[in-house]
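Asker: Residue 20 in the UniProt record's numbering sits at position 20 of the sequence shown; the count goes up by one each step and never skips.
Beta carbons: idealized from backbone N, C-alpha and C, even for Gly.
The structure follows.
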Amino acid sequence: MVNYTDQYDHPWKEAIGLYFPSFGIFLQDLEVAFEQEIEQFEEETRMSYMTSWERRGREKGIQEGIQEILESRFGEVENSLMNSVREINEISRLKTLLRQATTVNSLQEFQSLLGAY
């Protein structure tokens, strides 16, 4: 008896062999994106349960980081500038300023960014 499925199995096996590796890469990309979303959610959740003294500690740490970066790049930083930074108590705004402190071309440019807040 002739087995007709053999002649059909080969193309299907080949198609499946080509399809699933690319599908596996797609699934890996989805897994990475999913893990990043979970990490972000956990960070946001953790932030919402942070005590006031923990939040203040983070604020102060970021503010000190801003000062260190500006001083290492431009020398002495005026007290008035740092007092303006210390008035900011939103961690997200402070993080943005921290990143900007690494890229600005001058203290005046940083001051103008600070004024935008």
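1) Between residue 56 and residue 91, which are expected to be in contact by the criterion C-beta below 8 Å, what is the C-beta distance as a whole number of angstroms?
2) Rounded to whole angstroms, what is the Cα-Cα separation between residue 67 and residue 53?
3) Is it buried or exposed for residue 30, if we count other Cβ within 10 angstroms and need 16 for buried?
4) When you compare the CB positions of residue 111 and residue 84, do they come within less than 9 Å of one another, or not?
5) Please determine, among 101, 87, 88, the residue with the shortest C-alpha to C-alpha distance to residue 75.
Answerer: Walking through what the data contain:
1) 10 Å between Cβ atoms; not a contact.
2) Pairing residue 67 with residue 53, the inter-Cα distance amounts to about 21 Å.
3) Exposed, because fewer than 16 other Cβ atoms sit within 10 Å of the Cβ of residue 30.
4) If you check the CB distance, residue 111 and residue 84 come in under 9 Å.
5) Proximity to residue 75 across 101, 87, 88 peaks at 101, based on C-alpha coordinates.
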